[in-house]
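Each remark here refers to the structure printed beneath this line.
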Amino acid sequence: ALYAYATGLSGADPAMLALLARETGGAVFSVVGEAEIDAAATAHTIRPWHIEKAGMEGTTDILLAGRPTSIFPGQTLLLAGRGRPPGPLSLTLRRGDALRTVQVPLRTLDSDLAASAYGRIAVAQLEEIEAPEARSYALHFGVVGATCSLLMLEAEEDYEAYGIVPGDDAKTVREQAAADIVARELGAAATRLGDPKAAFLAWLDRLRSTPGVELDLPAQVRAAAERLPREAFDVRPERLSCACRDGVARKDYDEATAEALRRREKHGAADALKALSSLVEQNPGDAVLARDVGYSAMEWGLGGEAYHLFRRVAQARPYEPLGFHTMALCLADAGKPDLALLCYEVVRAGKWDGRYGDLRRILDLEYLRFLRGAAEDPRCLDREHARTRLGEVAEATAPRVADLVVVIAWNTDGTDVDLHVTDPRGEECFYSHPETAIGGRLTADVTQGYGPEMFVLERAVKGAYAVRAKYFSSDRSRASARTKVYATVYEDWGRPSERMTRKVVTLAEGKEMHDLARVVKP
Numbered sequence: 075a076l077y078a079y080a081t082g083l084s085g086a087d088p089a090m091l092a093l094l095a096r097e098t099g100g101a102v103f104s105v106v107g108e109a110e111i112d113a114a115a116t117a118h119t120i121r122p123w124h125i126e127k128a129g130m131e132g133t134t135d136i137l138l139a140g141r142p143t144s145i146f147p148g149q150t151l152l153l154a155g156r157g158r159p160p161g162p163l164s165l166t167l168r169r170g171d172a173l174r175t176v177q178v179p180l181r182t183l184d185s186d187l188a189a190s191a192y193g194r195i196a197v198a199q200l201e202e203i204e205a206p207e208a209r210s211y212a213l214h215f216g217v218v219g220a221t222c223s224l225l226m227l228e229a230e231e232d233y234e235a236y237g238i239v240p241g242d243d244a245k246t247v248r249e250q251a252a253a254d255i256v257a258r259e260l261g262a263a264a265t266r267l268g269d270p271k272a273a274f275l276a277w278l279d280r281l282r283s284t285p286g287v288e289l290d291l292p293a294q295v296r297a298a299a300e301r302l303p304r305e306a307f308d309v310r311p312e313r314l315s316c317a318c319r320d321g322v323a324r325k326d327y328d329e330a331t332a333e334a335l336r337r338r339e340k341h342g343a344a345d346a347l348k349a350l351s352s353l354v355e356q357n358p359g360d361a362v363l364a365r366d367v368g369y370s371a372m373e374w375g376l377g378g379e380a381y382h383l384f385r386r387v388a389q390a391r392p393y394e395p396l397g398f399h400t401m402a403l404c405l406a407d408a409g410k411p412d413l414a415l416l417c418y419e420v421v422r423a424g425k426w427d428g429r430y431g432d433l434r435r436i437l438d439l440e441y442l443r444f445l446r447g448a449a450e451d452p453r454c455l456d457r458e459h460a461r462t463r464l465g466e467v468a469e470a471t472a473p474r475v476a477d478l479v480v481v482i483a484w485n486t487d488g489t490d491v492d493l494h495v496t497d498p499r500g501e502e503c504f505y506s507h508p509e510t511a512i513g514g515r516l517t518a519d520v521t522q523g524y525g526p527e528m529f530v531l532e533r534a535v536k537g538a539y540a541v542r543a544k545y546f547s548s549d550r551s552r553a554s555a556r557t558k559v560y561a562t563v564y565e566d567w568g569r570p571s572e573r574m575t576r577k578v579v580t581l582a583e584g585k586e587m588h589d590l591a592r593v594v595k596p
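Heads up: the sequence shown runs through residues 75 to 596, numbered per the numbering used here.
Right, here's the structure in full:
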């Protein structure tokens, strides 16, 4: 059993402590300061009784608020259910081999708030396990939280314009008890925790009912994913070997970044990532920081480590396709082609907001390049499927080869970064001049964040090409990270002589134009 003592100091994770304590039969206690921990620890030595079952005659759907698994002397239990209990609450308790049934007398109090109290407890438990029925419960009982907000529009036409269609939430609540849903989801979660394949496929299934996501994965892609073994979904990069053991806790963004660059130069990529990842540990819910560190890890050749950062972002913000796109890039680098293929297909199968510009066109070009390699890669467990998709994607992708391709994306929303490519003749290709005399073409200008943008030149003339990014505008409400551009430059794209260069550039405030690369065509 885990017993934790919260002192109120920063740096702790109260939610995680509460979860671990609950699941091990322990508890979390609040103390004024560290000086009281010794005294408090000696006061909590009685082993708890574990709750096996709670029930009452004449009632259904019994819920204990917070889902406690143990009880202690003096503990308060908040219970909700459906019906009017005629008798006492019956608690079946276990401690070791001892089993005990306790009858707790209840006093009935009629109140119009009873349904609301039940609804709040039910919604809290359903939201905690991300049950799909949580939304129906929240709407039916009017509980504002992680699942939904209650917004009243001006007219019925507004609801139709935004596609807000009322569902039969009362039927869901009437026919599906919250306690049964919780038991079902916890059982499924226990299966997924030990099976990376089940967890990933369950995540894809949940995406179909996620607000803001329209996903229609082709049947043959889903069938191919079902055929893959569990190990295809298990992404475990090799353990990093660090030379520097000093921590970097409590450093701000600029300090941690400078320390990471110093360690990379002196010790290598593993030490650099250890320093930079402290930012994510201090701000675990910050998607911008996760992207920031992920891009750097990719540049340093640590695709496996970057994958888990971008997957965290994609799970928190599934309506942003760039999360799945970067996951695919990381998986390809980490030697997981089958899972990379599946992530590419998720982006292709989704209907995404128009603010992502020519995402499908850019993705297909990179996907085609990936499939050419995966179809012959011995690490690909289903090369036949990769060859099939190669033929289908090739038919929909143009061009098949190019002398120069540049793709950029960035990590901050509300940011306008523009790609500029100047050819040897001095002609500049950019958002207001997207086509050049020698055939250079630029995709749609993305002005609201993340990108991607792409420049393609099928037949290059001899000379030097300057690739730059213009920091046109940014969301200065953020102070936790800087805007970083992740640039990929392909020379002789699609040919056996193809060369790829990746670079991450931090964009400085007050400086509009930033150099990304210089390519010389002989």
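All residues carry an ideal CB built from backbone N, CA and C; glycine is no exception. Note that the coordinates shown come from a computational prediction; the quantities given were computed from them, not determined experimentally.
Exercise. Just to confirm, are Pro-498 and Val-535 a CB contact at a threshold of 8 angstroms?
Worked result: The count along the sequence shown starts at 1 and reaches residue 498 at position 424. The count along the sequence shown starts at 1 and reaches residue 535 at position 461. Yes; because the gap between Cβ atoms is below 8 angstroms, this pair is in contact.
Problem set entry | Closest Cα partner of Leu-478 within the set Gly-514, Val-467, Ala-448 | The count along the sequence shown starts at 1 and reaches residue 478 at position 404. Answer by Cα proximity: Gly-514.
For this session: Just grab the DSSP bridge partners of His-382 for me.
Result: Mapped onto the sequence shown, residue 382 falls at position 308. None, per the DSSP bridge assignment.
Problem set entry | Beta-bridge partners of Met-574, as assigned by DSSP | Taking the first residue of the sequence shown as position 1, residue 574 is located at position 500. Looking at the DSSP assignment, Met-574 forms a beta bridge with Tyr-564.
Exercise. Taking C-alpha atoms, which residue in Ala-470, Leu-442, Thr-471 lies nearest to Arg-461?
Worked result: Translated into the one-based positions of the sequence shown, residue 461 becomes position 387. Among Ala-470, Leu-442, Thr-471, the Cα nearest to that of Arg-461 belongs to Leu-442.
Problem set entry | Best match in Arg-429, Gly-397, Tyr-393, Gly-157 for proximity to Arg-385 [C-alpha to C-alpha] | Counting from one through the sequence shown, the residue named residue 385 turns up at place 311. Selected option, being the one with the closest Cα: Gly-397.
For this session: Report the three-state DSSP secondary structure of Trp-277 (helix, strand or coil).
Result: For the purposes of this step, residue 277 is taken as the residue at position 203 of the sequence shown. Note: Trp-277 maps to helix in three-state DSSP.
Exercise. Which first and last residues belong to the alpha helix (DSSP H) in which Asp-360 is found?
Worked result: The residue labelled residue 360 in the question sits at position 286 within the sequence shown. It is not in any alpha helix (DSSP H) - Asp-360 carries neither H nor E in the DSSP assignment.
For this session: Use the C-beta contact count for Ala-425: other C-beta atoms within 10 angstroms, 16 or more gives buried, fewer gives exposed.
Result: Residue 425 sits at position 351 when you count from the first residue of the sequence shown. It should be pointed out that residue 425 corresponds to Lys in this sequence rather than to Ala. Exposed is the call here.
Exercise. Alpha carbon to alpha carbon, what distance is there between Tyr-233 and Leu-224?
Worked result: Numbered from its first residue, the sequence shown carries residue 224 at position 150. Numbered from its first residue, the sequence shown carries residue 233 at position 159. Going by the C-alpha atoms only, they are around 13 angstroms apart.
Exercise. What residue does the beta strand (DSSP E) around Arg-168 start on, and which one ends it?
Worked result: Position 94 of the sequence shown, counting from 1, holds the residue named residue 168. It spans 163 to 169 - the beta strand (DSSP E) in which Arg-168 sits, taken as one unbroken run.
Exercise. Rounded C-beta distance between Tyr-539 and Ile-482? I'm assuming under 8 angstroms.
Worked result: Within the sequence shown, residue 539 is the residue found at index 465, counting from 1. Within the sequence shown, residue 482 is the residue found at index 408, counting from 1. At roughly 15 angstroms, the Cβ-Cβ gap does not stay under 8 angstroms, so Tyr-539 and Ile-482 are not in contact.
Exercise. Can you tell me the Cα-Cα spacing of Gly-161 and Thr-133, whole angstroms?
Worked result: Residue 161 sits at position 87 when you count from the first residue of the sequence shown. Residue 133 sits at position 59 when you count from the first residue of the sequence shown. Whole-angstrom Cα-Cα distance: 10 angstroms.
For this session: Determine which residues share a DSSP beta bridge with Val-462 and list them.
Result: Residue mapping note: residue 462 aligns to position 388 of the sequence shown, counting from 1. With the sequence shown as reference, residue 462 is identified as Thr, and Val is not the correct amino acid for it. Its beta-bridge partners do not exist; DSSP assigns none.
For this session: Determine the closest residue to His-341 out of Pro-358, Arg-310, Asp-326, Trp-374, with distance taken between C-alpha atoms.
Result: As a first step, residue 341 is located in the sequence shown; it is residue number 267 there, counting from the start. Ranking Pro-358, Arg-310, Asp-326, Trp-374 by Cα distance to His-341 puts Trp-374 first.
Exercise. Residues in its own chain within less than 6 angstroms of Ser-551 by CB, not counting five upstream and five downstream?
Worked result: As a working mapping, residue 551 is identified with position 477 in the sequence shown. Note on Ser-551: pLDDT 46, under 50, position unreliable in the model; no value is reported.
Problem set entry | Beta bridge counterpart(s) of Cys-503 as assigned by DSSP | For this step, residue 503 is matched to residue 429 along the sequence shown. Cys-503 pairs with Val-495.
Exercise. How far does the alpha helix (DSSP H) with Asp-438 in it reach, from first residue to last?
Worked result: If you number the sequence shown from 1, residue 438 lands on position 364. Per DSSP, Asp-438 belongs to the alpha helix (DSSP H) from 433 to 448.
Exercise. Which residues in the same chain have their Cβ closer than 6 angstroms to the Cβ of Arg-156, if we skip the five residues on either side of it in sequence?
Worked result: For the purposes of this step, residue 156 is taken as residue 82 along the sequence shown, with counting starting at 1. Closer than 6 angstroms at Cβ, skipping near neighbours: Thr-134, Asp-135.
Problem set entry | Expected contact under 8 angstroms - CB spacing of Val-247 and His-214 to nearest Å | Against the sequence shown, residue 247 aligns to sequence position 173. Against the sequence shown, residue 214 aligns to sequence position 140. So it is a contact: roughly 5 angstroms between Cβ atoms.
Exercise. Just checking my contact of Ala-306 with Asp-412 at CB under 8 angstroms: how many whole Å lie between their CB atoms?
Worked result: Walking along the sequence shown from the start, residue 306 turns up at place 232. Walking along the sequence shown from the start, residue 412 turns up at place 338. Yes, Ala-306 and Asp-412 are in contact; Cβ-Cβ is about 5 angstroms, under 8 angstroms.
For this session: Could you say if the stretch 418 to 436 and the stretch 514 to 531 meet the contact criterion of at least three C-beta pairs nearer than 8 angstroms?
Result: yes
Exercise. What's the gap between the Cα of Thr-562 and the Cα of Leu-439?
Worked result: Here residue 562 corresponds to residue number 488 of the sequence shown, with the count starting at 1. Here residue 439 corresponds to residue number 365 of the sequence shown, with the count starting at 1. Roughly 13 angstroms between the two C-alpha positions.
Exercise. Among residues of its own chain, excluding the 5 on either side of Thr-175, which ones have a beta-carbon nearer than 8 angstroms to its beta-carbon?
Worked result: Along the sequence shown, read from residue 1 onward, the residue named residue 175 stands at position 101. Closer than 8 angstroms at the Cβ level, and outside the excluded window around Thr-175, lie Ser-164, Leu-165, Thr-166, Leu-167.
Exercise. By the 10 Å Cβ neighbour count, where 16 or more other Cβ atoms means buried, how is Ala-229 classified, buried or exposed?
Worked result: Residue 229 sits at position 155 when you count from the first residue of the sequence shown. The residue is exposed, with fewer than 16 neighbouring Cβ atoms inside 10 Å.
Exercise. Which full runs of the beta strand (DSSP E) of 3+ residues lie inside the stretch 86 to 149, going along the chain?
Worked result: 101 to 104, 123 to 129, 133 to 138
Problem set entry | Arg-181 versus Asp-243: straight-line alpha-carbon distance, rounded | For the purposes of this step, residue 181 is taken as residue 107 along the sequence shown, with counting starting at 1. For the purposes of this step, residue 243 is taken as residue 169 along the sequence shown, with counting starting at 1. So the alpha carbons of these two residues sit roughly 31 angstroms apart.
Problem set entry | Nearest neighbour of Trp-484, chosen from Ala-361, Asp-269, Val-287, Thr-98 [CA to CA] | Start at 1 with the first residue of the sequence shown, and residue 484 comes out as number 410. Per the Cα distances, Ala-361.
Exercise. With 16 as the cutoff for other CB atoms within 10 Å, does Ala-101 come out buried or exposed?
Worked result: Position 27 of the sequence shown, counted from the first residue, corresponds to residue 101. When all chains shown are included, Ala-101 counts as buried.
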